[in-house]
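First the structure, in the form of structure tokens, and then the observations on it.
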Amino acid sequence: MAALGPLSRLAGLGCINRSRLMLNRVLQKRGIASCIDPSHGLTDEQKEFQKVAFDFAANEMAPNMAEWDQKEIFPVETMRKAAQLGFGGIYVRPDVGGSGLSRLDTSIIFEALSTGCVSTTAYISIHNMCAWMIDTFGNTNQREKYCPDLCSMERFASYCLTEPGSGSDAASLLTSAQQKGDHYVLNGSKAFISGGGDTDVYVVMCRTGGKGSKGISCLVVEKGTPGLSFGKKEKKVGWNSQPTRAVIFEDCAVPVTNRLGEEGQGFSIAMKGLNGGRINIASCSLGAAHASVLLARDHLLVRKQFGETLANSQFLQFKLAEMATKLVAARLLVREAATALQENRPDAVSICSMAKLFVTDECFNVCNQALQMHGGYGYLKDYAVQQFVRDIRVHQILEGTNEVMRMIISRNLLTEL
Amino acid sequence: MSGRVLVGVKRVIDYAVKIRVKPDHTGVVTDGVKHSMNPFCEIAVEEAVKLKEKKLIKEVVAVSCGPQQSQETIRTALAMGADRGIHVEVSGKDYDSLGPLQVSKILAALAKKEEAQLIILGKQAIDDDCNQTGQMTAALLDWPQGTFASEVSLEAEKIKVVREIDGGLETIKINTPAVLTADLRLNTPRYATLPNIMKAKKKKIANVKPADLGVDLTSRLEVLRVDEPPQREAGVKVETVEDLVAKLKDTGKI
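These protein sequences, in sequence, are chains A and B. Quick note on numbering: full-length UniProt numbering labels position 398 of the first sequence as 398, and the sequence is numbered without any gaps. Quick note on numbering: full-length UniProt numbering labels position 119 of the second sequence as 119, and the sequence is numbered without any gaps.
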């Protein structure tokens with residue numbers, strides 16, 4: 001990069017492009033891309049967590065993310081390494097092997113990990129959600145039986161709510177669990193289960209009672225239980241480092257002692273899990289958007305057309321600024337939602353939904369625009385930006401579609417007391 | 001030998017950052033720029049923590065000389081497993097002119113005060129590339145030194161050090177107390193774990209002033225000017241060997 005001295009002199013002579021000078025001045029004075037630095041406003045301890053997550057993402061995940069995507073590898077060893085650092089049960093209580101951190105700490109960690117590989121981080125967040133559900137709603141035996149292995153990722157977990165016939169209308173699920181003596185016998189199937197077939201512990205929402213949400217209970221089903229089988233591995237646009245399969249129950253007998261909480265409490269447990277899950281998924285989108293903005297920025301500084309670098313185009317400068325602004329706004333909303341959930345604020349459910357809605361939509365747009373800025377190169381699999389776009393597209397759909405998020409928010413606004 | 005190890009850790013500009021020279025050519029831009037622990041210091045901390053895990057030493061003390069922000073670097077060392085920290089406060093003009101001579105005086109004073117058995121440092125810092133602090137510290141203390149260590153093993157009252165030198169690998173045995181400096185292949189530093197980061201919060205960092213240690217911070221060096229490396233210029237093609245020799249003579253290369 002040219003020494004700045006000559007540039008200032010030339011600017012004085014009025015013969016250098018003003019925008020280039022401004023860019024250099026900003027870079028020199030305020031530090032590189034510091035307006036989107038995700039460590040602003042964090043405590044020293046949170047900065048340490050974030051640093052470990054960023055380092056892990058850069059060293060252990062980013063070099064492999066393309067291969068994991070192209071070869072559809074479920075990176076068990078890497079995830080276990082992450083678990084050794086405490087990422088297996090981030091907000092699970094320490095007495096069963098968790099790290100006992102807050103929702104905000106968790107968001108910061110997933111945002112950083114996501115810059116290394118969105119798909120793997122998203123799976124880790126789903127695993128965390130399941131571990132938390134057992135930690136929070138399980139009795140002592142269940143917590144001691146499952147949580148330590150989940151926190152160390154000795155065993156992996158999957159969250160089973162969606163069915164072929166019930167996605168957004170989750171409460172209409174049909175998988176039945178009939179009590180026969182000291183077992184429930186499960187019949188039915190779940191669809192689109194992340195990790196399905198490769199994971200060991202399945203947290204399953206099933207119908208033990210009548211229609212609607214009040215008839216749903218939550219059971220923990222272990223792989224290898226007779227009557228538990230899996231569909232074919234789905235071929236997806238993204239999230240390829242985690243297998244997705246249908247989970248099928250055919251007269252699958254599960255001990256009653258595997259039920260989390262009371263009969264009829266299952267839907268509430270599922271939704272409470274999802275509040276945190278939505279923050280986590282939004283955090284994964286943030287990481288992808290952050291990485292994409294940096295990639296776009298680097299490309300603008302290097303790619304030349306019409307005799308100058310793309311960074312000299314005011315349109316692209318403004319576009320990049322808009323992307324950065326949306327990224328920071330999104331980040332603030334997620335972090336506020338995390339705090340609201342941690343403190344059990346009355347607005348927790350709504351703000352988690354708002355965060356999921358806004359952040360997944362905006363971050364997808366940011367990544368998509370970053371791809372556009374790369375021109376033809378953005379479409380090549382040699383460049384990471386397309387994987388960020390493909391991987392976070394599904395965040396607008398799962399853990400509650402963004403349409404369902406609007407339902408939750410509008411209900412809060414329009415319900416008369 | 002079961003004693004105390006001092007590990008020096010330096011806060012430097014992160015290795016991934018593009019360095020920019022200040023317009024007044026007095027130094028490089030540090031404001032708002034990402035900083036982290038010198039990579040060789042990370043290797044030094046890792047080695048010290050490993051020795052403690054093998055129960056060969058009792059306590060690891062992380063030391064850093066610099067302004068308030070140096071405490072972040074000490075916290076990272078604590079999160080990796082150091083037991084406590086010492087922050088030697090140096091700021092402003094003193095910090096700008098802080099170099100190996102001053103730091104080694106500080107480390108020597110601390111080593112005596114803390115009754116350290118071993119000092120482990122990185123072989124050099126990635127900002128000034130001096131590669132002097134370890135050697136100077138050993139000289140001031142009149143201790144043996146094992147520099148560019150790629151392997152360290154404690155045997156009874158001696159330390160066996162395999163050193164990476166230009167000719168290959170050299171193995172030496174030195175008495176304790178001693179100074180070691182870590183080279184790249186000594187080990188792979190661990191990631192701090194979340195529980196260790198939380199435990200690090202409770203570990204103590206003592207504040208010390210250089211004056212308390214009787215150290216004079218006056219620098220014997222004055223930085224005249226800092227410039228970027230010269231821009232790479234276009235080469236010139238020549239037709240014959242005679243032309244090449246003539247050109248080389250012209251530009252004073254031979």
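Backbone N, C-alpha and C fix where the C-beta goes; we use that ideal spot for every residue, glycine too. Since we're looking at a predicted model, the values are computed, not measured.
Neighbourhood of residue i by C-beta, 8 Å cutoff - its chain only, sequence neighbours within 5 removed
i: Ala130(A); result: The amino acid occupying residue 130(A) in the given sequence is Cys; Ala does not appear at that position. Cβ within range, chain order: Leu150, Ala157, Ser158, Tyr159, Val201, Val203, Gly273.
i: Gly214(B); result: Ala109
i: Gln84(A); result: Ser152
i: Lys247(B); result: Val236, Val238
i: Ala58(A); result: Thr115, Gly116
Within chain A, partners of residue i - CB distance below 9 Å
i: Glu72(B); result: Asp44, Lys47, Glu48
i: Thr76(B); result: Glu48, Lys51
Proximal residues of chain B, C-beta to C-beta of residue i below 9 Å
i: Gln84(A); result: Tyr191, Thr193
i: Val52(A); result: Ala79, Tyr191, Ala192, Thr193, Leu194, Ile197
Those residues which DSSP pairs with residue i across a bridge
i: Thr103(A); result: Checking the sequence, you will find Arg at residue 103(A) rather than Thr. BP columns for Arg103(A) are empty, so no partner.
i: Phe40(B); result: None; Phe40(B) has no bridge partner.
i: Ser285(A); result: DSSP output for Ser285(A) lists no bridge partner at all.
i: Glu336(A); result: According to DSSP, which records beta bridges pairwise, Glu336(A) is partnered with nothing at all.
i: Glu155(B); result: Lys158(B)
i: Thr244(A); result: Ser194(A)
i: Met354(A); result: According to DSSP, Met354(A) bridges with nothing at all.
i: Asn207(B); result: His87(B)
i: Asn175(B); result: Lys158(B)
i: Val394(A); result: BP columns for Val394(A) are empty, so no partner.
i: Val52(A); result: Answer is none; Val52(A) lacks a bridge partner.
i: Pro346(A); result: Answer by DSSP bridge pairing: none, since Pro346(A) is not bridged.
i: Met407(A); result: According to DSSP, which records beta bridges pairwise, Met407(A) is partnered with nothing at all.
i: Cys218(A); result: Met205(A), Leu260(A)
i: Ile74(B); result: In DSSP, Ile74(B) forms no bridge with anything.
Amino acids of chain A, ordered along the chain, whose beta-carbon sits closer than 7 Å to that of residue i
i: Gly3(B); result: Within chain A, no residue comes near Gly3(B); the closest Cβ sits about 28 Å away, beyond 7 Å.
i: Lys201(B); result: Glu45
Own chain partners of residue i with C-beta closer than 6 Å, once the 5 adjacent residues on each side are dropped
i: Phe110(A); result: Thr121, Ser125, Asn280, Ser283, Cys284
i: Ile19(B); result: Val28
i: Arg155(A); result: Asp149, Asp200, Val201
i: Thr208(A); result: Ala177, Ser217, Glu263
i: Leu51(B); result: Ile57
i: Glu164(B); result: Phe148, Ser150, Asp183
i: Asn412(A); result: Ser350
i: Leu161(A); result: Ala170, Met205, Ala270
Beta-carbon neighbours of residue i, restricted to chain B and to distances below 8 Å
i: Leu113(A); result: What Leu113(A) touches in chain B: nothing, since even the nearest Cβ is about 12 Å away.
i: residue 465(A); result: An answer regarding residue 465(A) cannot be provided, because it is not within the stretch 1 to 417 covered by chain A.
Residues that residue i contacts on chain B, provided the C-beta gap is smaller than 7 Å
i: Asp135(A); result: Within chain B, no residue comes near Asp135(A); the closest Cβ sits about 16 Å away, beyond 7 Å.
i: Ser99(A); result: Leu194, Pro195
Nearest-angstrom Cβ-Cβ length linking residue i and residue j, presumed shorter than 8 Å
i: Met133(A); j: Leu173(A); result: Going by Cβ atoms, the distance from Met133(A) to Leu173(A) rounds to 16 Å, so no, they are not a contact pair.
i: Glu163(A); j: Ser189(A); result: 6 Å
i: Met65(A); j: Gln387(A); result: 6 Å
i: Leu121(B); j: Ala16(B); result: Incorrect: roughly 23 Å between the Cβ atoms, too far for contact.
i: Phe74(A); j: Ser241(A); result: 6 Å
i: Asn187(B); j: Glu53(B); result: About 12 Å; that fails the 8 Å criterion.
i: Val256(A); j: Tyr184(A); result: 6 Å
i: Phe148(B); j: Asp94(B); result: Wrong, their Cβ atoms sit about 30 Å apart, outside the cutoff.
i: Thr244(A); j: Ser194(A); result: 6 Å
Other residues of its chain near residue i: CB distance less than 7 Å, five sequence neighbours each side excluded
i: Asp83(B); result: Glu59, Val60, Val61, Lys203
i: Cys352(A); result: Asn275, Arg278, Ile279, Ala337, Leu341
i: Val359(A); result: Ala282, Ser285, Leu286, Ala330, Leu333, Val334
i: Leu27(A); result: Note on Leu27(A): pLDDT 34, under 50, position unreliable in the model; no value is reported.
i: Lys51(A); result: none
i: residue 420(A); result: Nothing about residue 420(A) can be reported from this structure: the residues present for chain A run from 1 to 417 only.
i: Asp391(A); result: Val118, Ser119, Gly238, Trp239, Ala288
Residue i: CB within 7 Å of a non-hydrogen atom of the ligand MG
i: Gly138(A); result: Summarising the ligand content, the structure contains no ligands, and the ligand MG is consequently not present.
Would you be able to state if there are at least three C-beta pairs under 8 Å between the region 171-190 of chain B and the region 198-209 of chain B? no
Would you call the region 71-81 of chain B in contact with the region 187-198 of chain B, where contact means no fewer than 3 C-beta pairs closer than 8 Å? yes
Using 8 Å as the cut-off, can you tell me whether the region 399-409 of chain A makes contact with the region 371-382 of chain A, which would need three or more C-beta pairs spanning the two stretches below that distance? no
Inter-stretch contact at 8 Å, needing at least 3 Cβ pairs: the region 405-414 of chain A / the region 101-118 of chain B: no
Do the region 126-135 of chain B and the region 156-169 of chain B meet, that is, are 3 or more Cβ pairs less than 8 Å apart? no
Answer yes if the region 312-326 of chain A comes into contact with the region 293-302 of chain A, meaning at least three C-beta pairs across the two stretches below 8 Å, and no otherwise. yes
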